[in-house]
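Some notes on the structure that comes next.
Chains as they are written, first to last, in the numbering used here: chain Z, 49 to 278; chain G, 49 to 278; chain C, -6 to 213; chain S, -6 to 213.
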């Protein structure tokens, strides 16, 4: 494959951009749409003290759950950790800090980071201590709202069905979920893709994530975990 | 064509939902992507005192410009009116109020309305009187931001390339522009479409606007104006 | 929920009656997932999932699962004609914009005022709210399907929730194995009774007062 | 701008030198639209339009225009391989997120500090800011192409802008028919001179002081 924009790299080269203590944002929802090879790369290279931002903590052996279960995260920002009991245990034991954000608001905060909006206002969970935490409020038109600040990351990792050499991405069915949002929010974005196709072969009307937001493209080795329903 | 969801209607029936003094939001950018038959319907039915929300005021005989030029709008919220001298004259003469919003922030305000977010914070034009107007500010992390409130409308009108009977929409090239955003922001949304295709014939991965947001579908009679470059 | 299949299906069937042609409906896990089985053939309803599906269909046959086509709980589904995929912000945009007509979910407790507590058991289970708050606050109609009592026999419909709220005053209807309640500005109203339960029996197992509709329907 | 084609192209050619492989560039109307004609063959650059195009190509031949493929000014364009369409929020997301490497635009006035005034002439022209503020504030590099003086011979590079600002301290480079200036923390620096103009001539037609780079390049 032509590598016109020098974005196509091997997994090992992608790993050179990671380091301990980083803020990593990951695409996916219950593990579906989370990039399996990049997750393995993070594990194999021993990166730790990570702050992970994404929809949920996956399952113990699925998706980001693999990283969480091995104690590599010092903090998570997620909407729930219910499907990963190890995450709950780490939180209870004080080994991992968890910041909960309502699911749709979390997605909007990630998108806000991705499109350079500093914050959004929200009325979700306004009277709920766990949501409000010590968040600032702002009154507009006599109504009080929470200031939900944008989220960005040092590196975003996403999983796509196809990429062209510019990094234009299309996703597969419900594996799209948070990926297009996460793809915009990283200071650097690495896309793991099932297939790389020649420039010009993706229909410009069908591209979901413009390559503008993608720094590197890594060919996927495929999902190597058993799904919860298997 | 099957009309399973009773969303496919004729232009005349669509017009029964309009009335004088309404807030109408329109898709399009410089006239491109603005629904020509719905615009003609509004003109032919004499609707007036309208508040129009959209990217710009088109050209005098193109897009929403046709409505503006005939003095049917009492107010516009737009990012510029530079391409329509009639709009400028109406503003100068005090016959039409114009509220300017930076283009990308206007698009975000429309999107915010569309996804039920009450407002976003913005640092665009923060020290510019015309942008700030009497807008509220909010300080986060020691930085001052403008509170840019969401925009919604009584009716949103959009222009799409194809619709299925559920109102799932795809757009044609750069005629997409603000249409998917406007489609979400209307209390009622009417899509004028070039082609209606059977349910199930649009690829679910390629649908840009889910039919959830579309109340009615009107077949287009096509563009009947001369483009500025013609 | 420790409930027999037959009873679970009876609850789901009653919930299915609330779904009208053209609606967009979000279903929680558990009994709510049984609701589609009880819809009359030809009902045009679009089932919505928070992860970005509009138009979910039934579970695929074993062996035909697609790992990239799953519901918000991570389990394989199919799609119907007219379905579409979107990112999570748009899926929640549908909810917050009021385009999701109904959500049918389970709960730990519901108060007579419609307060919903279905996400935390302090000191035991703090899994995060997921999308529950947005659904509870913003879906046009919130229907709770749950047992009349918890495993210790204590009423789950209460005067004031003891568990932390997911959202206040958001529940419109409760369907249990014993009865159906509407929650209006005037409080809790019993509208349906599942045979062979009696109103007195329901009263004994409800933690708050309720009124009784003029024509209580008895469902056999 | 009342400038000959040759001079306009000279300015555009100099601006084209600033574009490096892999960049994403937004072009304003007027002289900036000539810049692509001066790029070396094989430069991989993606031109960005606010209405949602990444990867614009040249204007189509007369008669081959597509009314649904136009730039932000409403005029027909084409696309290159690897192009994509998006909605306006994403097009501006690219700008605000710092993914647009450069914007090349015209101006009415620029101050020596890099203040940009290109959108309003009070009492005469109040057309709205369009996307100018976002581009000026958020593109990684802002290059202004304009005449050294207005039609009355008054300098357009000034100490303090007299017209309302589009954005303060945002311009990185100015290219006129006479010279090229960089704007740094140390103020305005003349780096290039277009023959046959002299530095004294430029000084006479510049409304603020500037320093001169060590090795001024003379462009013939």
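Ideal placement from N, C-alpha and C gives every residue a C-beta, glycine not left out.
Just reading off the alpha helix (DSSP H) that residue i is part of, what are its end residues?
i: residue 61 of chain G; result: 59 to 63
i: residue 262 of chain G; result: Unbroken run through residue 262 of chain G: none, as it is neither H nor E.
i: residue 234 of chain Z; result: Not the alpha helix (DSSP H): residue 234 of chain Z falls in the beta strand (DSSP E), residues 234 to 244.
i: residue 2 of chain C; result: -2 to 9
i: residue 73 of chain G; result: Run containing residue 73 of chain G: none in the alpha helix (DSSP H); it sits in the beta strand (DSSP E), 71 to 74.
i: residue 276 of chain G; result: Run containing residue 276 of chain G: none; DSSP gives neither H nor E here.
Taking CB distances under 7 Å as the criterion, tell me whether residue i reaches chain G.
i: residue 111 of chain S; result: no
i: residue 87 of chain C; result: yes
i: residue 75 of chain C; result: yes
i: residue 54 of chain S; result: no
i: residue 205 of chain C; result: no
i: residue 81 of chain S; result: yes
i: residue 174 of chain Z; result: no
i: residue 62 of chain Z; result: no
i: residue 102 of chain S; result: no
Shorter than 7 Å from the beta carbon of residue i to some beta carbon of chain C?
i: residue 193 of chain G; result: no
i: residue 258 of chain G; result: yes
i: residue 55 of chain Z; result: no
i: residue 58 of chain Z; result: no
i: residue 33 of chain Z; result: For residue 33 of chain Z there is no data in the structure shown, the boundaries of chain Z being 49 and 278.
i: residue 182 of chain G; result: no
i: residue 253 of chain G; result: yes
Got a sec? Which residues, its chain only, sit under 6 Å from residue i by beta carbon, not counting five neighbours each side?
i: residue 53 of chain S; result: 69 and 71
i: residue 171 of chain C; result: 141, 187, 190 and 195
i: residue -6 of chain C; result: In this predicted model, residue -6 of chain C has a pLDDT of only 45, less than 50, meaning its place in the structure is not dependable enough to derive any value.
Does the beta-carbon distance from residue i to residue j come in below 7 Å?
i: residue 199 of chain Z; j: residue 157 of chain Z; result: yes
i: residue 81 of chain S; j: residue 223 of chain G; result: no
i: residue 233 of chain G; j: residue 161 of chain G; result: yes
i: residue 103 of chain S; j: residue 167 of chain S; result: yes
i: residue 75 of chain Z; j: residue 230 of chain Z; result: yes
i: residue 5 of chain C; j: residue 41 of chain C; result: no
i: residue 257 of chain G; j: residue 213 of chain G; result: no
i: residue 216 of chain C; j: residue 66 of chain C; result: Because chain C spans -6 through 213 in this model, residue 216 of chain C falls outside it and cannot be assessed.
i: residue 100 of chain S; j: residue 216 of chain Z; result: no
i: residue 103 of chain G; j: residue 85 of chain G; result: no
i: residue 164 of chain C; j: residue 200 of chain C; result: no
i: residue 204 of chain Z; j: residue 237 of chain Z; result: yes
With respect to the beta strand (DSSP E) encompassing residue i, which residues constitute its N-terminal and C-terminal limits?
i: residue 95 of chain C; result: 95 to 98
i: residue 85 of chain S; result: Not the beta strand (DSSP E): residue 85 of chain S falls in the alpha helix (DSSP H), residues 81 to 89.
i: residue 208 of chain S; result: 204 to 212
i: residue 85 of chain Z; result: Note, residue 85 of chain Z: premise wrong, no beta strand (DSSP E); alpha helix (DSSP H) at 84 to 92.
i: residue 74 of chain C; result: 71 to 78
i: residue 238 of chain S; result: Only positions -6 to 213 of chain S appear in this structure, which leaves residue 238 of chain S out of reach.
i: residue 38 of chain S; result: Here residue 38 of chain S belongs to no beta strand (DSSP E), and DSSP marks it neither H nor E.
i: residue 49 of chain S; result: 46 to 50
i: residue 12 of chain S; result: Per DSSP, residue 12 of chain S belongs to no beta strand (DSSP E) and is neither H nor E.
Any beta-carbon of chain Z closer than 7 Å to the one on residue i?
i: residue 35 of chain C; result: no
i: residue -6 of chain C; result: Legend: pLDDT at residue -6 of chain C = 45, less than 50; position of this residue unreliable, value from coordinates given subsequently. By this cut-off, residue -6 of chain C is not an interface position.
i: residue 25 of chain C; result: no
i: residue 196 of chain S; result: no
i: residue 62 of chain S; result: no
Once the 5 residues before and after residue i are set aside, which same chain residues still bring their CB inside 7 Å of it?
i: residue 82 of chain Z; result: 74, 75, 76, 106, 111, 112 and 207
i: residue 171 of chain Z; result: 193
i: residue 160 of chain S; result: 109, 126, 129 and 130
i: residue 79 of chain Z; result: 106, 107, 110, 111 and 113
Within its chain, find whatever has a CB closer than 8 Å to the CB of residue i; leave out the 5 residues flanking it on each side and keep chain order.
i: residue 91 of chain Z; result: 114, 115, 118 and 120
i: residue 16 of chain C; result: 38, 39, 94 and 95
Taking 7 Å as the threshold (beta carbon to beta carbon), is residue i in contact with chain S?
i: residue 264 of chain Z; result: no
i: residue 218 of chain Z; result: no
i: residue 97 of chain Z; result: no
Entirely enclosed beta strand (DSSP E) segments - the stretch 96 to 144 of chain Z, minimum 3 residues: 98 to 101 and 121 to 126
Sequence ranges, beta strand (DSSP E) only - wholly within the stretch 142 to 202 of chain S, length at least 3: 166 to 168, 172 to 177 and 180 to 187
Every unbroken alpha helix (DSSP H) within the stretch 163 to 225 of chain Z, with a cutoff of 4 residues, ordered by chain: 177 to 180
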